[in-house]
Structure formats: C-alpha cells, structure tokens
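Contents: one structure, followed by commentary.
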Amino acid sequence: MTAPTHDRGDGAVASAETPVLQAVRMRKHFPVRGFRSKKVVHAVDDVDLELYRGRVVALVGESGSGKSTIARLLAQLMHVTDGQILLHGEDATTKSRAGFRRYVSKVQMIFQDPFASLNPVHTVRYTLTRSVKIHRGRLRGDELEKALDELLDRVNLRPTARYIDKFPHELSGGQRQRVAIARALAANPEVLLADEPISMLDVSIRLGILNLLRDLRDRLQIAILYITHDIASARYFADRTMVMYAGRVVESGDSESVTQDPKHPYTQLLVRSAPDPDDLDARARGARGEAPSLVTPPDGCRFNPRCPFATEMCRVELPPLFDVGVGRKAACWGYSERPGRPRLGSVLDAYGQRPPIDVNVVVRADADLAAAADAAATGTPGQEDLR
Amino acid sequence: MSAVPTRSVWTPGQVGRVAEPVLEIKNLSVDYGFDANPTHVLRDVSLTLNRGEVLGLAGESGCGKSTLAYAATRLLPPPGMITGGEVIFTDRSGDQVDVLSQSDQDLRASRWQDMAIVFQGAMNSLNPVHRVGRQISDALLAHLPNMTKKQAMERSADLLDMVGISPDRLRSYPHQLSGGMRQRVMIAMALALDPQVLIMDEPTTALDVVMQRQIVEQIAELRDRLGFSVIFITHDVSLLIEIADRIAIMYAGEIVEEAAAQDVYRRPRHPYSDALLHSFPPLRGPRRELGGIPGSPPDLANRPTGCPFRDRCAHVFDACATVHPELVTPAVPGDDPRRQVACLRHDPARVAAGGYEPVSVPLELSIR
Numbered sequence: 001m002t003a004p005t006h007d008r009g010d011g012a013v014a015s016a017e018t019p020v021l022q023a024v025r026m027r028k029h030f031p032v033r034g035f036r037s038k039k040v041v042h043a044v045d046d047v048d049l050e051l052y053r054g055r056v057v058a059l060v061g062e063s064g065s066g067k068s069t070i071a072r073l074l075a076q077l078m079h080v081t082d083g084q085i086l087l088h089g090e091d092a093t094t095k096s097r098a099g100f101r102r103y104v105s106k107v108q109m110i111f112q113d114p115f116a117s118l119n120p121v122h123t124v125r126y127t128l129t130r131s132v133k134i135h136r137g138r139l140r141g142d143e144l145e146k147a148l149d150e151l152l153d154r155v156n157l158r159p160t161a162r163y164i165d166k167f168p169h170e171l172s173g174g175q176r177q178r179v180a181i182a183r184a185l186a187a188n189p190e191v192l193l194a195d196e197p198i199s200m201l202d203v204s205i206r207l208g209i210l211n212l213l214r215d216l217r218d219r220l221q222i223a224i225l226y227i228t229h230d231i232a233s234a235r236y237f238a239d240r241t242m243v244m245y246a247g248r249v250v251e252s253g254d255s256e257s258v259t260q261d262p263k264h265p266y267t268q269l270l271v272r273s274a275p276d277p278d279d280l281d282a283r284a285r286g287a288r289g290e291a292p293s294l295v296t297p298p299d300g301c302r303f304n305p306r307c308p309f310a311t312e313m314c315r316v317e318l319p320p321l322f323d324v325g326v327g328r329k330a331a332c333w334g335y336s337e338r339p340g341r342p343r344l345g346s347v348l349d350a351y352g353q354r355p356p357i358d359v360n361v362v363v364r365a366d367a368d369l370a371a372a373a374d375a376a377a378t379g380t381p382g383q384e385d386l387r
Numbered sequence: 388m389s390a391v392p393t394r395s396v397w398t399p400g401q402v403g404r405v406a407e408p409v410l411e412i413k414n415l416s417v418d419y420g421f422d423a424n425p426t427h428v429l430r431d432v433s434l435t436l437n438r439g440e441v442l443g444l445a446g447e448s449g450c451g452k453s454t455l456a457y458a459a460t461r462l463l464p465p466p467g468m469i470t471g472g473e474v475i476f477t478d479r480s481g482d483q484v485d486v487l488s489q490s491d492q493d494l495r496a497s498r499w500q501d502m503a504i505v506f507q508g509a510m511n512s513l514n515p516v517h518r519v520g521r522q523i524s525d526a527l528l529a530h531l532p533n534m535t536k537k538q539a540m541e542r543s544a545d546l547l548d549m550v551g552i553s554p555d556r557l558r559s560y561p562h563q564l565s566g567g568m569r570q571r572v573m574i575a576m577a578l579a580l581d582p583q584v585l586i587m588d589e590p591t592t593a594l595d596v597v598m599q600r601q602i603v604e605q606i607a608e609l610r611d612r613l614g615f616s617v618i619f620i621t622h623d624v625s626l627l628i629e630i631a632d633r634i635a636i637m638y639a640g641e642i643v644e645e646a647a648a649q650d651v652y653r654r655p656r657h658p659y660s661d662a663l664l665h666s667f668p669p670l671r672g673p674r675r676e677l678g679g680i681p682g683s684p685p686d687l688a689n690r691p692t693g694c695p696f697r698d699r700c701a702h703v704f705d706a707c708a709t710v711h712p713e714l715v716t717p718a719v720p721g722d723d724p725r726r727q728v729a730c731l732r733h734d735p736a737r738v739a740a741g742g743y744e745p746v747s748v749p750l751e752l753s754i755r
C-alpha cells in the first residue's frame, strides 16, 4: 500500500543504458500431467529481453510460441523455471505478497480480452477506484475524483463524466480496452506488458488503441512490451521487434529492418506469408509444416524440420544468436563462420514451387460419388452436428 | 476501369466467362428478437454469387456478415428471424429453387450437397469423442444411403489426402491434430459431397499467418480443381484482396460497396471502404501515421436515420442525416458499371429528391 509509486526519478537517475525491466536467460517449463510423468512443455527457453524507458519492444510469433508466457513471467503471475528478472538491474523475484504489490505497481499488464478482464458487475468508477486505492493509498473525495478524471482523460475517454458510471457491457470493445489501460495506468507503472491488446477489437478501432499506447509511451516515458502475432502492427508501433518460434527468440532487431530485411528463415516465411495486396507475387507459396511439439522439441534448431536450407548441423546443434547487423541478431547457423553451415537463399525460391496436384485421386472419388448420388433420396441428420 | 484484370492468388479460370449466378440473395432482411421491437440486423441485402467465383464479404464484427451467411442457408438460430427476401440457388442443370421456401426434407437433402459451410471457429466444431474418419463418413452415409461404410471410409481417406493430410490420420481424434489440420479436416468435410457453393465463415481467423496462407492456397487449388464457388467471410480486407474475385463491404447490416477486388483496393468509392483499407498498418512501403476510424459502429437496436456511417465519416454533409443511401453505380466517370456503392456523394438524384443540395464526390473517393 505504501509502495513507492512516484519513483519515476529512479529511471531518470539510472543511466539511459540500464533497462527498466530485463529478463536474463529466462526459462519456463510446464510439467505434463500424468502418473510419474517427467515430461515438460518447453514453453520458453533461454529468452533474453530488455525493456527501456519510453521504448516499445514487440514480441511476434505464432500461437503457442511462448509470447504470452513471457508476459506472464515478466508480470510474475508465474514463476520462472530458470533465469532471472531484473528491475532496474536488481533481482526482482518477489517472495511475499507485499513484494508482489510493490512489483506490480511498477509493472502492469493489459490483457487480450477486454470483455473478460473487466468485472461485469462493477462500474468503471469501482474498477478504477480499486486500482487507485491499492497503488496510491487511500485517496478520498475530490482528490479521488480528480485522479479518476485524469485517468479517463489520459486514455481519451472524454467527456469523462459520461463514462465513469458505466458498466462494462455499456461500453464498446475499444472503450473497454481503454478502461483496462486506465486501470493499469492508475499504478503509475514504468512498464506496461500488453498481451495482444488489439486482437480482440474491431479492425477500425485497433489503430486508435495503438496510437493511444504510443502516446502514453511518449508522454509518460513508459516502457512497453507489445505482444502480437501481426508483424505489420509491430512494424507500425514498436521500436524493436523480437520474433519467437517454438519458445525461443530466433531474431531481434529494430522493427523496420526486421520486417524489411528479415534474416532468419522463419522471419522470412512470416513476412512473406502476411497478406500484402501490393505485392502478390512475392508471397511464400507452398510452405508446409507446422510448429513442433514443445514436449519433445526437435534437436538442434527448432525450425529445422520446416527450414528449406537446413543442413546436418542444424539438426544436431542449437544455434546461438549471431550478430547480423547493427543491433540485430538471428539464431541461424547460416550466419556463423563454421564449415558445413547452411547456405541461405530466398524463401521465395525455396517455397515458390507448389507441390504437384494428384488429379487422379479426385477424379476417381467423383466417379464413386456420382454413382452413389443417383441412389441418394432422403436426407438424414448430419448437417446439424457440424455446429 | 473494367479493363483491369482481376488478380488473385490463383488464375481465376471462370472469371472470363459470362457470369452465371449460382446463388442470388434478394432483399434479404433479418431481425433479432420476437418482441414488438426487434433489432433489424439485415435490411434488404442483395448479393449475387457467380459460378466458380470467390466472393469476399468483409466488415467489422457485428455488421451482419455471419448473419447473412446463416440466413442464406437457413441456419440462423433463434431469436434470428428472416423477415423477407429470397435466396435463389441455381443448380448445375439450371434448375432454380428458393432456399427460404424449400420444404424441410428438400432442404436437408440439399444442404451439404449443394451448399456447404465451414463455420467460424471450425477448429472447435469437430466432435471430440469421435475419430475424424467417422465424422467425415457420417456425412457421406447420411446423404448417400447406398454407400457402404467401407466405401465411405475410402472416400474419407481420399478427401483427407485432397487437403494434404495423410490418410492414416483417419483414426485420429480431433485433439491429436493441430489447429491447421483440424481446419483442413473441416474443409475436407465441407467438400465431401462436392458442393457447388462453399461458405467459409472466418476460416483462418484463429490461425497464424503461415498456416493461414497454407489454408488459403489449399482452398484456391481445390476451387481450381473442383470448380465450386466460395463466399469467404472475414474482417481481414487485405487477405480478401488477394483471394477474392469480388468483394462486398458490409456496414451496420447493409452492403455499402461491392466491386472487383482490385477496384476496392485501388479505387475505393465508399468512405468506409477507404477508411477500412487504411486501418491496417502496411508491411511494406513508407511508415506513416494511421488513424483508424474514429468512433464505433452504430447500435443496430437504435439505428440512426440516414446513412449509418455518417457519425464516423470524413465526407459527411447535411443530407446524410436524413436521406438513406441505396446502392448505385458510383458517380465517377469511367468506373466499372457493375460496381455499386451506397453513398450519397455518388447519388445526387437521391439527395435532390430529399430536398438537399448535392455535393460532389471528394477527391479521395474518385481515384481512377
């Protein structure tokens, strides 16, 4: 309750090089249920991550790649299996309730679904008052009123009087997400962990939320971790982008160069798979395969079963992050100096050819079907099962 | 304008031919609620799907895209009610039938055989306690009583093979398959009886982009091979521009623009289409400030008078408050005469009839 809430000075005193929040070789394994099961899901492995004041880092990856786990670990909603979380360079692992409170007043999280993250039986006023009272002490009367007004104003819910006494169901998705952001801001956080903050919202209001977060970054100098599966929005919003695949970071660098000149074959595949009406020919066609099982991840590089350039080396040895440019890293043996390294080419050429179509299969099936269709008369249940 | 070739991921084989409608939705209206004050979700929606074509249906959540698909197949659950209009399905042999007035028995026989649907969140619509093979053959056996179980299983194996899944997966339960594979199984099931119309309701929304591309390619390839028509519903306009031949944009239960995919992308005529296209940050090209669309969609229970988009529109003028726009050919010389837009900027006659001074089309909406 008496947590130091207005210690923004800390960040200013520390040199600009010290990250506000840092993860060092963070690892999370979930045990697999079952009798005497020793198997674990390798959700996050050896992730290093730094969040700086007033900068946005995007974490991009497909579902199941461990992005949300990272957010939850950083918010200390779960404990790390291995590795360290540092706040202003000091170990921030919380061991007590009070310690956790102190921690969350600096590191706040915004969840994906604003329909689920706000309690439907409470008004906006109650939700925000709770957060203000927990993190700023017992404000009352005019002081509290002023704080609430300021919060709603900060997330552009104006006039604030119109929204303060609403229930969540009376608000649209975008407005709800703004209330969730206001709730996080009530703690005066230094770090915002935004776990897919726009993916549940209507397309036309997504940019509004991203612009709001960017505005908060600029005005309040908050460090933001932006988790998304949409690499185009990472390019729009984030200063740095980290790409995850199967629990590991495969590439990191400034957003513009990661999206315009992806180095890791997986990033290339990701960028080339996104719909882009301007550039229909440069799409990766015929890519096959899926993310590996995280219970028994493949040896070596986790992308090797799908990688068109993989060599023996990739199947045996795990690639570290190599420097591939100013401030850029990629975990691919193709950038090493070792003999026998894979020779990287364009994924467009590698995936460009579509697999041949086996026409015979369908023709034969159609003949069967036509014969059977003659006899078909009445319908029986079936369609309804689909729903 | 019409000279611009319709480009999509695959070469549309049928597009060059004379458009032959396979599904015509005429003035379809749908209400939600049985009480005295129902919500009018769809108002006089008309849409034509031609044979062999991919028609994209785009819009925000709650704009009625899914309702339109369910109403057209009579799958709308209560309290949804079809209050008017007709849905004409044209057979390969040219026989026409109104789906909305078909007897239940005929409807049952024609569903899946004529029109199949891949539901939203299809990944979760498989029955978790039955093996995949049994679920596919169930549909076959229901529609083709003369088929033996063995034949049905063989056909199921062929179907799985067709969507790129190894036939030995027939004996798998749904939870043993990945999301993308379950989605393919659903597509294989929908294609089991060789339907002429395939309705896909957000088939790739739950998948990541790499898998989305695989599924979209699969659909493209299968359409080329089997020649069915597709209604593809999604909120992702940029995906539609790639895969659809034509796109209809919906807003607040009405179609506000309908045109060839590239026309919608390069030459949007409705302010909403234009704004929607600028709601997606681009992956390439210059990084610029984007604003999205201010405000939020109207509450359909209290539908505003006039144009439903007027509160969020950058080109609003006095007539928009009272005159309701209807679909007309855009007032831009040289436009494809088949494209339609529901905006008063393009309809001076209606504005004048309402007693207002017509206003010219803004520059952004008249790009050639």
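Going down the list, the sequences are from chains A and B.
Quick note on numbering: this note's numbering labels position 183 of the first sequence as 183, and the sequence is numbered without any gaps.
Throughout, this note's numbering is defined as the position within the second sequence, counted from one, plus 387.
For glycine and all other residues, C-beta sits at the position ideal for the given N, C-alpha and C.
Since the structure is predicted, the reported quantities are computational estimates derived from the model, not experimental observations.
Of all alpha-carbon atoms in B:601, B:559, B:526, the one lying nearest the alpha-carbon of residue 579 (chain B) is that of B:526. Going by beta carbons, residue 172 (chain A) and residue 488 (chain B) fall outside the 7 Å limit.
A direct Cα-Cα distance of roughly 15 Å separates residue 66 (chain A) from residue 241 (chain A). Put simply, the backbone Cα of residue 623 (chain B) is about 7 Å away from that of residue 445 (chain B). Cβ contact annotation for residue 61 (chain A) (same chain, cutoff 8 Å, sequence separation greater than five): 67, 229, 243, 244, 245, in chain order. Judged by their CB atoms, residue 81 (chain A) and residue 135 (chain A) are not nearer to each other than the 7 Å cut-off. Residues of chain A whose Cβ lies closer than 7 Å to the Cβ of residue 622 (chain B) are, in chain order, 203. Per DSSP, residue 103 (chain A) is one residue of the alpha helix (DSSP H) stretching across 97–104.
Taking a 10 Å sphere around the C-beta of residue 340 (chain A), we find fewer than 16 other C-beta atoms and assign the residue as exposed. Put simply, the region 500–519 of chain B touches the region 559–573 of chain B. At least three CB pairs are less than 8 Å apart. Distance from the CA of residue 654 (chain B) to the CA of residue 323 (chain A), rounded to the nearest whole angstrom, comes to 43 Å. In this structure, the beta-carbon distance from residue 679 (chain B) to residue 204 (chain A) falls below 7 Å.
Assignment of beta-bridge partners to residue 21 (chain A) by DSSP yields A:51, A:87. Within the region 489–530 of chain B, the complete alpha helix (DSSP H) runs of at least 4 residues fall at 491–497, 519–530.
In the structure shown, residue 255 (chain A) adopts helical secondary structure according to DSSP, grouped into three states.
Think of a sphere of 7 Å around the beta carbon of residue 233 (chain A): the chain B residues whose beta carbon falls inside it are 668, in chain order. Taking the Cα positions, residue 277 (chain A) is about 37 Å away from residue 168 (chain A). With respect to chain A, the C-beta atom of residue 447 (chain B) has a partner C-beta closer than 7 Å. Among the CB atoms of chain A, none fall inside 7 Å of the CB of residue 641 (chain B). Within the same chain, Cβ atoms closer than 6 Å to the Cβ of residue 319 (chain A) are found at 301, 331, 332, 333, the five residues on either side in sequence being excluded. For residue 63 (chain A), a Cβ of chain B is located within less than 7 Å of the residue's own Cβ. In this structure, B:733 is the residue among B:422, B:733, B:518, B:549 with its C-alpha nearest to the C-alpha of residue 703 (chain B). Distance check between residue 694 (chain B) and each of B:724, B:713, B:589 places B:713 closest, using alpha-carbon atoms only. The C-alpha of residue 252 (chain A) is placed about 58 Å away from the C-alpha of residue 483 (chain B). DSSP places residue 31 (chain A) in the strand class (E or B) of the three-state scheme. For residue 463 (chain B), no CB of chain A lies under 7 Å from its own CB, so it is not counted at the interface with that chain.
DSSP places residue 109 (chain A) in the uninterrupted beta strand (DSSP E) bounded by 107–110. By the 16-neighbour rule on beta-carbons within 10 angstroms, residue 477 (chain B) is buried. Scanning its chain for C-beta atoms nearer than 7 Å, with the 5 sequence neighbours on each side dropped, one finds around residue 434 (chain B) the residues 412, 635, 642, in chain order. By the criterion of a C-beta distance shorter than 7 Å, residue 238 (chain A) is surrounded in its chain by 56, 57, 58, 226, 255, once the five residues flanking it on both sides are discounted. Taking one beta carbon from each stretch, the region 258–278 of chain A and the region 77–94 of chain A have fewer than 3 pairs nearer than 8 Å; the two do not touch.
Interface flag for residue 236 (chain A) against chain B is set, since a Cβ pair is found closer than 7 Å. Selection B:601, B:574, B:598 evaluated against residue 588 (chain B) yields B:574 as nearest (Cα-Cα). The beta carbon of residue 160 (chain A) sits closer than 8 Å to the beta carbons of 148, 149, 152, 153 from its chain, once the five residues preceding and following it are set aside; these are given in chain order. When beta bridges are read from the DSSP output, residue 193 (chain A) appears opposite A:109, A:225. It is roughly 8 Å from the alpha-carbon of residue 640 (chain B) to the alpha-carbon of residue 449 (chain B).
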